[in-house]
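As given, the protein sequences belong to chains A and B, one line each in that order. My numbering applies: residue 130 is where the first sequence begins, and numbers increase by one. My numbering applies: residue 25 is where the second sequence begins, and numbers increase by one. Okay, structure first, notes after.
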Amino acid sequence: MRTSGVRLDAPLLGIDELLADEGVRIIVCTGAGGVGKTTTAAAVALRAAESGRRVCVMTIDPARRLAQAMGLRSLDNTPRQVPGVTSPDGSGSLHAMMLDMKRTFDEVVEAHADPERARAILANPFYQALSSSFAGTQEYMAMEKLGQLRARADAEGTWDLIVVDTPPSRSALDFLDAPERLGSFLDGRFIRVLTAPARGAGRGIGKLAAMGFGLFTNVLNKILGAQVLVDVGTFVAAIDTTFGGFRERADATYALLKDRGTAFVVVAAPERDALREASYFVERLEADDMPLAGLVLNRVQQVTLPEVTPEQALAAADRISDEDGSDARSDAGLTAALLRLHADRQRIAARQRHLAERFTAAHPGVAATTVPALPGDVHDLDGLREVGAYLADPC
Amino acid sequence: MNSLRAAMTATWNYAGSVTTASLGPGVALHVVSGKGGTGKTTVSAAVALALASQGRRTLLMEVEGRQGIAQLFDVPPLPYQERKVAVAPGGGEVWALAVDAEDALLDYLEIFYNLRRAGSALRRMGAVDFATTIAPGLRDVLLTGKAIEVVRRTDKAAPDAYDAVVLDAPPTGRICRFLNVNSEVSGLAKVGPIRNHADLVMSVIASPRTAVHLVSLLEEMPVQETIDAVAELRENRLPVGGIFVNMTRPPMLTEEQLDQAREGRLPAEQIAALAQQAGLRQDAATVAAALVLEGQDHAQRVDLERRELQRIADLGLPTLTLPLLADGIDLGGLYALAGILREGGVR
Numbered sequence: 130m131r132t133s134g135v136r137l138d139a140p141l142l143g144i145d146e147l148l149a150d151e152g153v154r155i156i157v158c159t160g161a162g163g164v165g166k167t168t169t170a171a172a173v174a175l176r177a178a179e180s181g182r183r184v185c186v187m188t189i190d191p192a193r194r195l196a197q198a199m200g201l202r203s204l205d206n207t208p209r210q211v212p213g214v215t216s217p218d219g220s221g222s223l224h225a226m227m228l229d230m231k232r233t234f235d236e237v238v239e240a241h242a243d244p245e246r247a248r249a250i251l252a253n254p255f256y257q258a259l260s261s262s263f264a265g266t267q268e269y270m271a272m273e274k275l276g277q278l279r280a281r282a283d284a285e286g287t288w289d290l291i292v293v294d295t296p297p298s299r300s301a302l303d304f305l306d307a308p309e310r311l312g313s314f315l316d317g318r319f320i321r322v323l324t325a326p327a328r329g330a331g332r333g334i335g336k337l338a339a340m341g342f343g344l345f346t347n348v349l350n351k352i353l354g355a356q357v358l359v360d361v362g363t364f365v366a367a368i369d370t371t372f373g374g375f376r377e378r379a380d381a382t383y384a385l386l387k388d389r390g391t392a393f394v395v396v397a398a399p400e401r402d403a404l405r406e407a408s409y410f411v412e413r414l415e416a417d418d419m420p421l422a423g424l425v426l427n428r429v430q431q432v433t434l435p436e437v438t439p440e441q442a443l444a445a446a447d448r449i450s451d452e453d454g455s456d457a458r459s460d461a462g463l464t465a466a467l468l469r470l471h472a473d474r475q476r477i478a479a480r481q482r483h484l485a486e487r488f489t490a491a492h493p494g495v496a497a498t499t500v501p502a503l504p505g506d507v508h509d510l511d512g513l514r515e516v517g518a519y520l521a522d523p524c
Numbered sequence: 025m026n027s028l029r030a031a032m033t034a035t036w037n038y039a040g041s042v043t044t045a046s047l048g049p050g051v052a053l054h055v056v057s058g059k060g061g062t063g064k065t066t067v068s069a070a071v072a073l074a075l076a077s078q079g080r081r082t083l084l085m086e087v088e089g090r091q092g093i094a095q096l097f098d099v100p101p102l103p104y105q106e107r108k109v110a111v112a113p114g115g116g117e118v119w120a121l122a123v124d125a126e127d128a129l130l131d132y133l134e135i136f137y138n139l140r141r142a143g144s145a146l147r148r149m150g151a152v153d154f155a156t157t158i159a160p161g162l163r164d165v166l167l168t169g170k171a172i173e174v175v176r177r178t179d180k181a182a183p184d185a186y187d188a189v190v191l192d193a194p195p196t197g198r199i200c201r202f203l204n205v206n207s208e209v210s211g212l213a214k215v216g217p218i219r220n221h222a223d224l225v226m227s228v229i230a231s232p233r234t235a236v237h238l239v240s241l242l243e244e245m246p247v248q249e250t251i252d253a254v255a256e257l258r259e260n261r262l263p264v265g266g267i268f269v270n271m272t273r274p275p276m277l278t279e280e281q282l283d284q285a286r287e288g289r290l291p292a293e294q295i296a297a298l299a300q301q302a303g304l305r306q307d308a309a310t311v312a313a314a315l316v317l318e319g320q321d322h323a324q325r326v327d328l329e330r331r332e333l334q335r336i337a338d339l340g341l342p343t344l345t346l347p348l349l350a351d352g353i354d355l356g357g358l359y360a361l362a363g364i365l366r367e368g369g370v371r
């Protein structure tokens, strides 16, 4: 009897068709903070597993109870099988993991440096600051982990679909830009210059850089103290000789995202800011020729009996109150209150519809689906199944 | 506007749980944080407006490069310069500033080293970006440092001093790290000027002159994040102010009616007859069934929100409830929210 209060004038995002397409190997769920990305990613992954895909879902910061529902008790960076999840023919499976960005960075170092050098890097104060608090490390490591999971899937045949939740960044675009930023920073001019002495005789320092560099180190030393630059220099020298450029790594994962086997699902709530973020993201994907599957409009108001308009409901409520007084304890008072409630829900739905229409008008070709605002948060597999069912068929 | 005001005052008394918050006296820096999507920029702006009443001057600052303030007050993007964005009731003024770490670093170099020109040259080379990048803590010290510089104008009775500064801060997940600049730079710089600067910043932030407020919604995740943030702030000895429960909707049924809905006792036949008498032409039984279902949904939502509100009340902090504005946030709505905050003790 309840239906979605927001019917989008857009092609339907067919989640089941997307999940049935074996060419799709990676699904990235992205969007503004607080719109339900993690829940959407988990619901998509569960639905895929129950339709026969072998799925690994990487979440960034799930609510405790949702994590528990997927059998994740600690943030240990290792995919673990979610017990009891399979498809009717037994072929589907679901693994879930939570990203630990520091651990992932440590693993990259450990995998590429000999033990002694790895220890030196891990103990470096600059490395510790970078790996735990650099704005962008989380995005970089999410990409890094995605690359690792994909490599493992290819090598071992463990998974045929990886679903990724994206970090709660300032902007959804950060997921695409931060790795490149970190990569180019670490491979950048100043860091090269800083480490030049370690690589011999100031090679590659241009005239300008040499001039500016004295000023630069002078100012930095003044502000930060000399030790910081020494730490940075040691770190970069150590890391540079052990494995290839950060930028190359970032570029490789970026290329993976452009692959036809990847599908982006942009999640938004029917609110101005969330839809604006979604718009930015969709435009960016189009500009970069990246594969967009569509929009999930989450938490939309459900309506019952849309043919009774708010105006009709309010007029009827007023008529009842006029005739029978406004005694809240009478059936008349109750009926009038329920009619006003009906009008209120319809109005909220109308406002959401209006916001959604601005999005679909600006991006007419983008497929979309809606998920209703559910009474409580999702924290069990049945809840995820319910979300998955709405994703496939918004009613 | 009057009816809007009346409706909102009713909403403000939501569930009768409002405690009067004394967020004003003695506090010079109001830091506002909250989970993404809870409306912290809107609440920050409303707080700045509420504090600016009666001829006072407040500064509203943002630090994340979003230009959220400009969008909210419907003015062009803010430069790194204090601009008047609104006039408050009683002749007060709200000024706004979008702080940028690079500009704040140049400021810092000029104030402490008289290095403005060198700073500009460094910026052209991309060195400023480099410096704030290699020292993540540096960026936060510069941003919070700017807020402290403004606060300290009052001590010097400077002509450009403000009565209060409201900082639209990063979300709850990052707030402690953002404010706790001392421990952030201590990993990087154990001695030196930036360290001294960080100490100065901490002497204001970890004092009763600062209050960190959190914005929440009556939903499970935002409330959990609020509870976690309060614990983390207390652990870090940062001064917790109050909680703003944003976007609330009042129950539309009386307690008795909610009971009827919960217990499945809504009388469908009577509702059908009354709706038909009132002129609804649709099939009466269908209308009644729909209204009953909506009533039950509503009771369920009210129960859930009350549970969440209780969890917030259990924190024992000053709590103010703000209504969901049916037509979204515009300037009129912002003034109305500021009015509610003033009545609630934000003044």
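We put the beta carbon where it would ideally sit given N, CA and C, even for glycine. Here the structure is a predicted model, which is why all the values come from computation and not from measurement.
May I ask you to list, following chain order, the residues of the segment 284 to 315 of chain B that have a beta carbon less than 8 Å from some beta carbon of chain A?
-> GLN284, LEU290, PRO291, GLN294, ILE295, LEU298, ALA299, GLN301, ALA302, GLY303, LEU304, GLN306, THR310, VAL311, ALA313, ALA314, LEU315
Residues in the segment 458 to 491 of chain A with C-beta within 9 Å of chain B's C-beta atoms, listed in sequence order?
-> ARG458, ASP460, ALA461, GLY462, LEU463, THR464, ALA465, ALA466, LEU467, LEU468, ARG469, LEU470, HIS471, ASP473, ARG474, ARG476, ILE477, ARG480, LEU484
Contacts of A:PRO504 in chain B (Cβ-Cβ under 8 Å) | ASP321, GLN324, ARG325, LEU328
Measuring alpha carbon to alpha carbon, tell me which of B:ASP164, B:LEU333, B:GLN300 ends up nearest B:LEU242.
-> B:LEU333
Within chain A, the residues that B:THR278 reaches when beta carbons sit closer than 9 Å = ALA457, ARG458, GLY462, LEU463, ALA466
Looking at B:GLN320 and B:ALA285, is the spacing between their C-beta atoms short of 8 Å?
-> yes
Using a Cβ cut-off of 8 Å (strictly closer), state whether A:ALA445 contacts chain B.
-> yes
Interface partners of A:GLU95 on chain B, CB under 8 Å | Residue 95 of chain A lies beyond the residue range present for chain A, which begins at 130 and ends at 524; the question has no answer from this structure.
8 Å Cβ shell around A:GLY276 - same chain, five flanking residues per side excluded = ARG378, ALA381, THR382, LEU385
B:GLU174 to A:MET226, Cα distance in whole Å?
-> Before going on, a small fix: residue 174 of chain B reads as Val here, not Glu. Cα to Cα, B:VAL174 sits roughly 45 Å from A:MET226.
Do three or more CB pairs link the segment 506 to 518 of chain A to the segment 481 to 498 of chain A at distances below 8 Å?
-> no
Backbone secondary structure at B:VAL51 - three-state DSSP = coil
Using the C-alpha atoms, what's the distance from A:GLU245 back to A:GLY333?
-> Here A:GLY333 scores only 45 on pLDDT, less than 50, and its place in the model is too uncertain to base an answer on.
From the DSSP output, read off the bridge partner residues of A:ILE156.
-> A:VAL292, A:ALA392
Taking a cut of 8 Å between CB atoms, which residues from the segment 56 to 77 of chain B lie near chain A?
-> LYS59, GLY60, GLY61, THR62
CB-CB under 8 Å to B:LEU304, same chain, minus the five flanking residues each way: which ones, in chain order?
-> VAL311
Per-residue DSSP class, three states only, for A:ASN347 | helix
Could you name the residues of the same chain whose beta carbon sits closer than 6 Å to that of A:GLU398, not counting the 5 residues immediately before and after it, in chain order?
-> One detail in the question is off: residue 398 of chain A reads as Ala in this sequence, not Glu. Taken in chain order, the residues that qualify are VAL164, ASN427, ARG428.
Is the distance from the Cβ of A:PRO420 to the Cβ of A:THR391 below 8 Å?
-> yes
Could you say which of A:PHE255, A:LEU201, A:GLU400, A:LEU251 lies nearest to A:ASP190 if we only look at CA atoms?
-> A:LEU201
Rank A:ALA422, A:ALA367, A:ASP447, A:GLN441 by C-alpha distance to the C-alpha of A:VAL538 and give the top, closest one.
-> Residue 538 of chain A cannot be examined here, being either before or after the span of chain A that is shown, 130 to 524.
Own chain residues within Cβ distance below 6 Å of A:VAL214, not counting five before or after | ALA178, LEU223
Taking C-beta to C-beta, are B:VAL239 and B:THR82 nearer than 8 Å?
-> no
With distances taken from CA atoms, which of A:ARG176, A:THR159, A:ALA161 is nearest A:GLY143?
-> A:ARG176
Along the alpha helix (DSSP H) that carries B:SER68, what are the first and last residues, could you check?
-> 64 to 75
Buried versus exposed, by CB contacts within 10 Å (16 or more), B:ASP307 | exposed
Compare the beta carbon distance of A:ASP447 and B:MET276 with 8 Å and say whether it is the shorter of the two.
-> no
Range covered by the alpha helix (DSSP H) that runs through B:GLN301 = 292 to 301
State the DSSP-derived secondary structure class of B:PHE306, mapped to helix, strand or coil.
-> Here the sequence assigns Gln to residue 306 of chain B, which means Phe is not the residue at that position. Here B:GLN306 sits in coil by DSSP.
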